[in-house]
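Asks: In the working numbering, the protein residues as written are 880 to 1384. Every residue, glycine too, gets a C-beta built ideally from N, C-alpha and C.
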Ligand code: HEM
């Protein structure tokens, strides 16, 4: 018999059972739930709102239903928070209650059911992992140890772009070179390693696996199995691919990086200055029995996903906005020339003396937020928010992009205008001192990587603008800044070509 028919019959049966469960659940409990579109049985609001719950679509829904709204995506409750006051409640006042992460079948595979830090529930394990990761990654000492490396990496990007005759004529896809730079910036911290070129076979393998992991995790393709558990058997093929990618990737981290470092430190004592790289600290924690070997690999996994592409997307957006706003680019170059002296290459300490550069970075993070809905939060237990009852294990999306782009709160928010951060919003920082602007989140689960991301952004954008005039490719007025979103990421749709005309000093 036709397999499709069997599948349909099974689906019908499953649907009937689910309907019965949903009806009994709905009639059993009377909660004061947040408003939202009327759900239908089984599918909830899924068919109405679709898969792509991006920051813009969710902002439109908030205009209709309010600052706290509920969507039922199949069996899952999804709460969308769209005002600074309610964001404060979720991230700060009730930071413990809402401090967990949602899990789904795909993330369960990539994180070994929460053995990592970024996607694990709030509790002992998270606290320990965050503590263990802080010294090796997230302190000013780390910035001071590695900033020379970041400056060298940015200098080598400038050199490679200068050397390429295409840069000044038809242009280059600068993202590719910047991606290598970001891997090097982070692999120096993690393993004291760098990759020589974009063609380095190990780099190519690593990049391909990371890309595949991100694609599989951010895709909307697996929503149906996540929203409607009885459909999960149909995800078997997808999950098998996820598992294979995960196994190969963790083995690569283990065999080519962690083991190598272990060997090195057993044959040769750590250097005299006591400058350990991050993995040495993490392996110390393993030796003390605080974490196991898998936890070590998941830390490496987390840094690969949380640090590299997010910062790269922000650099990519920053360049695109500078190309499309030549007056901003000119003004930034003038600031660099005036404060540092023409030709003196920007270093990390300089970034603190350059208010316009800081404003350009903030404006990029405001308009083009890399994680516009933050990493989804979750309440482990029933909770209250803004007078509504939030059922346990709801997925909580804070629409940080909307908080930073709501015309009721910001002057002409759709304009790229760094001046706002020197004028009417001069007190607003990227660290979450104002709940209208939280590109790194705020509170317990906020991004600890902000301490590294901001100087890297400053050094990279600064060096590019000092050394080049950045222009759209011949025949184009502006770069295409269409967006592409995933489950909770936002990057530019087309990796553009940019003309980089070298400046003479
Ligand atoms: C421009 C670059 C970056 C942006 C925009 C960014 C943004 C974010 C956001 C929005 C979150 C979630 C906050 C929340 O859920 O409330 C987050 C979490 C996190 N980020 Fe970043 N991030 C960036 C760079 C980095 C870097 C460079 C690192 C590491 C070196 C990093 C490591 C992490 C980690 C470990 C978490 C999870 C924290 C937790 O769950 O406790 N990020 N980031």
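Between residue 1262 and the rest of its own chain, which residues show a CB-CB distance below 6 Å, the 5 nearest in sequence each way excluded?
Replies: Here the set comprises 976 and 1269.
Asks: In whole angstroms, give me the CA-to-CA distance for residue 1217 and residue 1054.
Replies: So the alpha carbons of these two residues sit roughly 28 Å apart.
Asks: Under DSSP, the beta strand (DSSP E) around residue 1267 begins and ends at which residues?
Replies: First-last of the beta strand (DSSP E) with residue 1267: 1267-1269.
Asks: Apart from the five residues just before and just after residue 997, which ones in its own chain have a Cβ nearer than 7 Å to its Cβ?
Replies: Taken in chain order, the residues that qualify are 1181, 1185 and 1254.
Asks: Quick one: does the C-beta of residue 1069 sit closer than 7 Å to a heavy atom of the ligand HEM?
Replies: No - the ligand HEM has no heavy atom lying nearer than 7 Å to the Cβ of residue 1069.
Asks: Among residues of its own chain, excluding the 5 on either side of residue 1387, which ones have a beta-carbon nearer than 8 Å to its beta-carbon?
Replies: In the structure as shown, the chain starts at 880 and stops at 1384, and residue 1387 therefore has no counterpart that could be examined.
Asks: Thinking residue 1129 and residue 1176 are a contact (beta carbons under 8 Å), I'd like their distance in whole angstroms, please.
Replies: Residue 1129 to residue 1176, Cβ: 5 Å. Contact.
Asks: Among the candidates 1122, 1033 and 1020, whose CA atom is the shortest distance from the CA of residue 986?
Replies: The option with the nearest alpha carbon to residue 986 is 1122.
Asks: Exposed or buried, residue 1037, counting other C-beta atoms within 10 Å across all chains shown (16 or more means buried)?
Replies: Result: buried.
Asks: Can you name, in chain order, every residue of its own chain whose Cβ lies under 7 Å from the Cβ of residue 1000, other than the five neighbours on each side?
Replies: Here the set comprises 979, 980, 993 and 1259.
Asks: Helix, strand or coil: how does DSSP classify residue 1363 here?
Replies: Residue state, collapsed to three classes: strand.
Asks: Buried or exposed for residue 1200, going by 16 or more other Cβ atoms inside 10 Å?
Replies: Result: buried.
Asks: Is residue 903 buried or exposed, if buried means 16 or more other CB atoms sit within 10 Å of its CB?
Replies: Residue confidence for residue 903 is low, a pLDDT of 49 falling below 50, so the modelled location carries little weight and cannot support an answer.
Asks: Can you list, in chain order, the residues of its chain with a C-beta nearer than 6 Å to that of residue 1378? Leave out the 5 residues immediately preceding and following it.
Replies: Result list for residue 1378: 1050, 1350 and 1352, in chain order.
Asks: Express the C-alpha separation of residue 1112 and residue 1257 in angstroms, rounding to a whole number.
Replies: So the two alpha carbons sit approximately 25 Å from each other.
Asks: How is residue 944 classed by DSSP in three states: helix, strand or coil?
Replies: In this structure, residue 944 counts as helix in the three-state DSSP scheme.
Asks: Cα separation between residue 1231 and residue 1030?
Replies: Their Cα atoms are separated by approximately 15 Å.
Asks: Could you please give the first and the last residue of the uninterrupted alpha helix (DSSP H) stretch that includes residue 1232?
Replies: Careful: residue 1232 lies outside any alpha helix (DSSP H) and carries neither H nor E.
Asks: For the ligand HEM, any of its heavy atoms closer than 7 Å to the Cβ of residue 1181?
Replies: Because some heavy atom of the ligand HEM lies under 7 Å away, the Cβ of residue 1181 counts as near it: yes.
Asks: Please classify residue 1262: does DSSP put it in a helix, a strand, or coil?
Replies: Residue 1262: strand per DSSP, three-state reduction.
Asks: Within 10 Å of its beta-carbon, does residue 1120 have 16 or more other beta-carbons around it, so buried, or fewer, so exposed?
Replies: It counts as exposed.
Asks: For residue 1357, does the three-state DSSP call read helix, strand or coil?
Replies: Coil.
Asks: Three or more beta-carbon pairs under 8 Å between the segment 1091-1108 and the segment 922-938, yes or no?
Replies: Segments in contact, yes.
Asks: If distances are taken between C-alpha atoms only, which option among 1139, 1018, 1249 and 1039 comes closest to residue 1071?
Replies: Residue 1139 is the option with its Cα nearest to residue 1071.
Asks: Quick check on residue 1012: does DSSP put it in helix, strand or coil?
Replies: Note: residue 1012 maps to helix in three-state DSSP.
Asks: Given a cut-off of 8 Å, decide if residue 1282 and residue 1324 are closer than it, judged by their beta-carbon atoms.
Replies: Against a cut-off of 8 Å, the Cβ pair of residue 1282 and residue 1324 comes out as no contact.
Asks: So what does DSSP say about residue 1374, is it helix, strand or coil?
Replies: Reduced to three states, the DSSP call for residue 1374 is coil.
Asks: Starting from residue 1178, follow its DSSP beta bridges and name the residues at the other end.
Replies: Note: residue 1178 sits in no beta bridge, so no partner.
Asks: If you measure from the beta carbon of residue 1100 to each beta carbon in chain D, is any gap under 8 Å?
Replies: Looking at the structure shown, chain D is missing, and only one protein chain is on hand.
Asks: Return the first residue and the last residue of the alpha helix (DSSP H) that residue 955 is part of.
Replies: That residue, residue 955, is in no alpha helix (DSSP H); its beta strand (DSSP E) goes 955-960.
Asks: Within the same chain, show all residues whose beta-carbon is closer than 7 Å to that of residue 1073, passing over the 5 residues directly before and after it, in chain order.
Replies: Around residue 1073: 1063, 1066 and 1067.
Asks: Is it the case that the segment 1194-1208 contacts the segment 1236-1246, given that we only count it when at least three CB pairs across the two stretches are under 8 Å?
Replies: Yes: at least three Cβ pairs fall under 8 Å.
Asks: Using DSSP with H/G/I as helix, E/B as strand and the rest coil, what is residue 1328?
Replies: Correct three-state label for residue 1328: coil.
Asks: Beta-carbon within less than 6 Å of residue 1317's beta-carbon, same chain only, minus the 5 sequence neighbours each way: which residues are those?
Replies: These residues qualify, in order along the chain: 1279 and 1311.
Asks: Distance check for residue 923 and residue 1338, CA to CA, integer angstroms please.
Replies: Using only the alpha carbons, I get a separation of about 47 Å.
Asks: Please classify residue 1052 as buried or exposed, where buried requires at least 16 neighbouring CB atoms within 10 angstroms.
Replies: With fewer than 16 other Cβ atoms within 10 Å, it is exposed.
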